[in-house]
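The opening position of the sequence shown corresponds to residue 36 in our numbering, with each subsequent residue numbered one higher.
C-beta atoms are modelled at their ideal positions from N, C-alpha and C, and glycine is treated no differently.
None of these values were measured; they are calculated from a predicted model.
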Amino acid sequence: MVKIIDFFRLIRTKNLLIIAISQYLIRHSIIIPMTDSNSLNNLQFFFLVLSTILIAAAGYIINDYFDTRVDRLNNRKLIIDQTIKRREAILFHFVFSGIGVFLGFFLGWRVGMINLGFINLFCSSALWFYSTNFKRVYLSGNLLISLLASLVILIIPLYEIIPNPNTNSVNAFYIICCYAIFAFFTTFIREIIKDFEDASGDKKMGYTTFAIVSAKTAKKIVQSLSLILITIIGVVIYLQFIYLAFYAAAYVVLAVEIPFIYFFVKLLNTNDTKGYHHLSQTIKLIILTGTLSMLVFTILF
Numbered sequence: 036m037v038k039i040i041d042f043f044r045l046i047r048t049k050n051l052l053i054i055a056i057s058q059y060l061i062r063h064s065i066i067i068p069m070t071d072s073n074s075l076n077n078l079q080f081f082f083l084v085l086s087t088i089l090i091a092a093a094g095y096i097i098n099d100y101f102d103t104r105v106d107r108l109n110n111r112k113l114i115i116d117q118t119i120k121r122r123e124a125i126l127f128h129f130v131f132s133g134i135g136v137f138l139g140f141f142l143g144w145r146v147g148m149i150n151l152g153f154i155n156l157f158c159s160s161a162l163w164f165y166s167t168n169f170k171r172v173y174l175s176g177n178l179l180i181s182l183l184a185s186l187v188i189l190i191i192p193l194y195e196i197i198p199n200p201n202t203n204s205v206n207a208f209y210i211i212c213c214y215a216i217f218a219f220f221t222t223f224i225r226e227i228i229k230d231f232e233d234a235s236g237d238k239k240m241g242y243t244t245f246a247i248v249s250a251k252t253a254k255k256i257v258q259s260l261s262l263i264l265i266t267i268i269g270v271v272i273y274l275q276f277i278y279l280a281f282y283a284a285a286y287v288v289l290a291v292e293i294p295f296i297y298f299f300v301k302l303l304n305t306n307d308t309k310g311y312h313h314l315s316q317t318i319k320l321i322i323l324t325g326t327l328s329m330l331v332f333t334i335l336f
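In structure tokens:
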């Protein structure tokens with residue numbers, strides 16, 4: 036029983052659930068209401084979401100597989116080498132990655148664009164090289180994970196809209212791109228915050244992360260990006276009021292803007308591991324509430 040629980044902790048079940056929810060929201064809150072068409076049937080779309088979840092789970096496994104030493108230094112609870120053996124972990128990684136990549140090519144073939152499968156192959160490969168190399172290198176890991184987070188959003192219209200476009204497809208695609216940009220920058224912010232949180236152990240391992248090599252610059256960039264996003268969200272709220280979308284505006288103010296302002300204020304005075312952990316959890320919540328705003332978008336528009 037303990038092994039099963041630890042396995043679900045290893046693959047970050049809560050994060051996988053957020054991925055699944057966001058992808059279903061994109062389909063049912065934006066694509067179908069706005070375009071009244073989609074390229075995949077319900078079962079095929081389930082397989083698309085499953086492929087994303089499996090590749091993400093494989094990424095979490097391989098990340099922990101290569102991170103056992105630094106996790107000990109950062110006082111994190113280990114699962115691999117404790118309840119789950121290393122050979123079991125690597126087997127799960129390859130099985131999950133293999134199925135995820137196969138489903139990508141299969142669904143690409145079904146919609147007449149088999150090359151779409153290379154997106155899944157890229158994501159799977161990127162997560163491997165992130166764990167083995169890029170996460171230890173200045174900015175590379177932060178940017179790569181941010182790109183992958185945006186692809187979680189963009190992969191849906193690539194399979195659903197591009198193979199079968201219509202007159203309303205462009206507007207739907209632009210809206211989804213806005214969510215992908217939001218995912219990219221909020222994930223980038225969170226990745227840097229997590230590097231600050233893990234800086235002590237990372238230094239001992241000889242990592243050259245952005246937060247270690249350029250700590251002051253990294254913090255200023257996080258502050259600047261946060262302020263820019265807060266401003267852009269403020270403009271969105273203003274436009275919602277202009278178009279009398281009061282409930283949507285209220286949601287964004289309460290669930291996204293105010294938490295982001297709180298995050299920004301706390302960031303200005305945070306310099307310890309506990310504080311950075313709190314900030315990491317806060318921005319994670321903002322990513323979730325930002326994604327859930329798709330529901331409000333659908334109800335009102």
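Would you call residue i buried or exposed, if buried means 16 or more other Cβ atoms sit within 10 Å of its Cβ?
i	result
Trp163	buried
Val187	buried
Met329	buried
Asp307	exposed
Met69	buried
Tyr273	exposed
Cys158	buried
Asn304	exposed
Asp237	buried
Ile89	Sequence inspection shows Leu at residue 89; the Ile mentioned does not correspond to that position. The residue in question, Leu89, is buried, as its Cβ has 16 or more Cβ neighbours within 10 Å.
Arg104	exposed
Ile263	exposed
Leu289	exposed
Ile277	exposed
Phe169	buried
Leu183	buried
Ser185	buried
Ser261	buried
Lys254	buried
Ser57	buried
Taking residue i as the reference, give the member of the options with the closest Cα.
i	options	result
Gln275	Thr266, Leu264 and Val287	Val287
Gly299	Ile265, Phe281 and Ile277	At residue 299 the sequence reads Phe, which differs from the Gly that was named. Checked all of Ile265, Phe281 and Ile277; the closest Cα to Phe299 is Ile265.
Thr118	Lys38, Phe281, Cys158 and Ser57	Lys38
Tyr165	Asn98, Lys238, Ile267 and Leu89	Asn98
Val271	Ile56, Tyr214 and Val136	Tyr214
Asn155	Ile256, Ile61 and Val136	Val136
Thr167	Ala253, Leu178 and Phe101	Phe101
Thr202	Ile56, Asp71 and Asn50	Asp71
Leu323	Ile54, Ser235 and Arg47	Ile54
Kindly indicate the opening and closing residues of the alpha helix (DSSP H) around residue i.
i	result
Ala246	Phe245 to Val248
His128	Arg121 to Arg145
Ala290	From DSSP, Ala290 is part of no alpha helix (DSSP H); its letter is neither H nor E.
Leu89	Asn77 to Phe101
Arg225	Ser204 to Glu232
Asn306	It is not in any alpha helix (DSSP H) - Asn306 carries neither H nor E in the DSSP assignment.
Ile190	Ser175 to Glu195
Leu156	Gly152 to Thr167
Met69	Ile67 to Thr70
Asn50	Thr48 to Leu60
Measure the beta-carbon distance from residue i to residue j and round it to whole angstroms, keeping in mind my assumption that it falls under 8 Å.
i	j	result
Ser160	Thr222	19 Å between Cβ atoms; not a contact.
Asn199	Ser86	With a Cβ gap of about 19 Å, Asn199 and Ser86 do not count as contacting.
Leu151	Gly139	7 Å
Leu320	Leu302	Their Cβ separation, rounded to whole angstroms, is 14 Å, which puts Leu320 and Leu302 out of contact at 8 Å.
Ile318	Ile247	About 20 Å separates the two Cβ atoms, so there is no contact after all.
Phe82	Leu142	6 Å
Leu52	Thr326	The Cβ separation is near 12 Å, so there is no contact.
Tyr311	Glu232	4 Å
Val146	Tyr194	6 Å
Decide yes or no for the touch test of the stretch 218–238 against the stretch 92–99: beta carbon pairs closer than 8 Å, at least 3 of them. no
Check whether the stretch 292–303 touches the stretch 198–215, taking contact to mean three or more Cβ pairs, one atom from each stretch, closer than 8 Å. no
Are there three or more Cβ pairs, one per stretch, closer than 8 Å when the stretch 174–181 is compared with the stretch 43–55? No, because fewer than three Cβ pairs between the stretch 174–181 and the stretch 43–55 fall closer than 8 Å, the two stretches do not touch.
Determine contact between the stretch 190–203 and the stretch 224–244, defined as no fewer than three beta-carbon pairs at a distance below 8 Å. no
Taking three-plus beta-carbon pairs below 8 Å as touching, is the stretch 124–132 in contact with the stretch 58–66? no
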